[in-house]
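Just remember that this note's numbering sits 1135 ahead of the position in the sequence shown, which is counted from 1.
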Amino acid sequence: GADIYQWDTYANGSTNASVIVTPTSTTTYTVTGTNQYGCSATTDVTISVHGLPSVAITGVTSISYGQSITLTASGATSYLWSANANNVTTESIMVTPIANTTYYVVGTDIYGCSNTASFNVIVNFDDHNVEIEIACESYEWHGQTYTESGNYIYNHTNADGSEIVDTLCLTINHGTHNV
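Next up, the structure:
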């Protein structure tokens, strides 16, 4: 270490041993240190400033209820999707939203700089039927017997060839029976 320091004008000509700077572009700072015997040495420190990555999400913006879509992030080297996408860390994800949903991804570049993108998916219920049922022990729907509560989807085609999606929101009450 030196006894006296002199920074260049980019560091406001400070005479402190350390300085705090906030460059907006890559900048080289020069400091000269002088010891008690009058000997001095000069060194340069370059601070590289990188812009934020331009993170984007692509995919289909409008889907039918029950349809799955792939969303793909770009513009960075690593990704972290939002909780409604299960915090996945891959570039592409497949989602099946049941209502209008906004997905977010944080993209980080090779310098550790991060930026966020969002993507809205609109869910259409045009060709969709929803049934809400409560049953004891079991429930039959579209030729299949269900014994557990849950949401079930049945895809079929109308006489005109259009695809129809039926959803069953089923609650099964399992009880004890006294004889």
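Glycine is no exception: its CB is placed at the ideal position from the N, C-alpha and C atoms.
Owing to the predicted nature of the structure, the values given are computational and were not obtained by experimental measurement.
The Cβ atoms of VAL1180 and GLN1141 do not sit closer than 8 Å to each other. The alpha-carbon of SER1183 is positioned some 21 Å away from that of SER1213. Within 10 angstroms of the beta-carbon of ALA1152 lie fewer than 16 other beta-carbons, which makes it exposed.
Short of 7 Å from the beta carbon of ASN1222, and not among the five residues preceding or following it, lie these beta carbons of its own chain, in chain order: LEU1215 and TRP1216. In terms of Cα proximity to ILE1139, the closest of GLY1310, THR1162, ASN1259 and THR1169 is THR1169.
Distance from the Cα of GLY1247 is smallest, within the candidate group LEU1187, THR1159 and PHE1260, for LEU1187. Between the stretch 1303–1312 and the stretch 1251–1270, the count of C-beta pairs closer than 8 Å reaches three or more; the two stretches touch. In the three-state reduction of the DSSP assignment, ASN1259 falls in the strand class, which pools E and B. The continuous beta strand (DSSP E) containing GLY1285 extends over residues 1285–1292. About 31 Å separates the CB atoms of GLY1296 and PHE1254; that is not less than 8 Å, and the two are not in contact. The three-state secondary structure of ALA1146, taken from DSSP, is helix. When the Cα atoms are used, TYR1239 and THR1282 turn out to be separated by approximately 36 Å.
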